[in-house]
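Read left to right, the sequence shown gives residues 51 to 207 (this note's numbering). Note that the Cβ used here is the ideal one computed from N, Cα and C, for glycine as well. Note that the coordinates shown come from a computational prediction; the quantities given were computed from them, not determined experimentally. Each remark here refers to the structure printed beneath this line.
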Amino acid sequence: MTSSTILERDLRSPDAATTQRIGAALARAARNGDRLCLWGELGAGKTQLAKGFAAGLGVTATVNSPTFVLMAEYMGRLPLFHVDLYRLADGVDAVDGGLLDERQALGVTLIEWPERLAAALPAERLDVLIAGSGDEPRTIQLRATSPGHAHYLGAVG
Ligand SMILES: Nc1ncnc2c1ncn2[C@@H]1O[C@H](COP(=O)(O)OP(=O)(O)OP(=O)(O)O)[C@@H](O)[C@H]1O
Ligand SMILES: [Mg+2]
Numbered sequence: 051m052t053s054s055t056i057l058e059r060d061l062r063s064p065d066a067a068t069t070q071r072i073g074a075a076l077a078r079a080a081r082n083g084d085r086l087c088l089w090g091e092l093g094a095g096k097t098q099l100a101k102g103f104a105a106g107l108g109v110t111a112t113v114n115s116p117t118f119v120l121m122a123e124y125m126g127r128l129p130l131f132h133v134d135l136y137r138l139a140d141g142v143d144a145v146d147g148g149l150l151d152e153r154q155a156l157g158v159t160l161i162e163w164p165e166r167l168a169a170a171l172p173a174e175r176l177d178v179l180i181a182g183s184g185d186e187p188r189t190i191q192l193r194a195t196s197p198g199h200a201h202y203l204g205a206v207g
């Protein structure tokens, strides 16, 4: 990494369709083994971004929040693992239960409610921080925690 490597980017999204388009643009940069953590309060737009990301990967199945399972898998250009930890009390359980498993190296993983992972949060990831709720425009900050995830920052037009 050089000091000129861009590791952060701030975006604005006035509506859900724009958030989906940002997700789709990110998906075009996806590589096997990447992890994207989607941060934001209830209703911020994490699943909207995930839907667009899946579409950008060429997933044709409908992506919703996995209500009864913590992880849903989809097949697109790469396998997509969509993890939603909202109902998880303890991140250690997720790891012990195999939620962060070695198969994810063969695809790209989106994690909603990554704060539930606590100390088990993957160190190398792209953070997508969505702020705002209701009908407010959102700010969406992209933050690569490793040079290996910096390629996403140039992927959004
Ligand atoms: N700019 C925007 N980006 C994303 N969603 C928006 C925007 N403006 C309004 N919305 C609306 O906000 C809601 C976001 O819902 P979504 O399920 O994506 O949130 P979430 O962050 O996944 O919530 P949860 O924590 O419950 O999983 C949708 O109803 C969407 O239409
Ligand atoms: Mg959601």
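State the Cα-Cα distance for the pair residue i and residue j, rounded to the nearest angstrom.
i: residue 175; j: residue 62; result: 21 Å
i: residue 194; j: residue 158; result: 15 Å
i: residue 123; j: residue 74; result: 17 Å
i: residue 151; j: residue 68; result: 31 Å
i: residue 87; j: residue 178; result: 6 Å
i: residue 205; j: residue 77; result: 9 Å
i: residue 149; j: residue 187; result: 32 Å
i: residue 131; j: residue 163; result: 14 Å
i: residue 154; j: residue 161; result: 12 Å
i: residue 207; j: residue 119; result: 34 Å
i: residue 70; j: residue 95; result: 9 Å
i: residue 197; j: residue 57; result: 8 Å
i: residue 172; j: residue 85; result: 8 Å
i: residue 156; j: residue 114; result: 22 Å
Give a single yes or no on whether residue i has its beta carbon closer than 7 Å to a heavy atom of ligand 3.
i: residue 63; result: Ligand 3 is not part of the structure shown, which contains ligand 1 and ligand 2 as its ligands.
Closer than 7 Å: is that where the CB of residue i sits relative to any heavy atom of ligand 1?
i: residue 165; result: no
i: residue 102; result: no
Using only the heavy atoms of ligand 2, determine whether one of them is closer than 7 Å to the beta carbon of residue i.
i: residue 162; result: yes
i: residue 97; result: yes
i: residue 134; result: yes
i: residue 183; result: no
i: residue 115; result: yes
Between which two residues does the beta strand (DSSP E) harbouring residue i extend?
i: residue 194; result: 188-194
Would you mind listing the alpha helix (DSSP H) stretches within the stretch 118-183 that are 4+ residues and don't spill past its ends, in chain order? 141-146
Within the stretch 62-117, note down every full alpha helix (DSSP H) run reaching 4 residues or more, in order along the chain. 66-78 and 96-106
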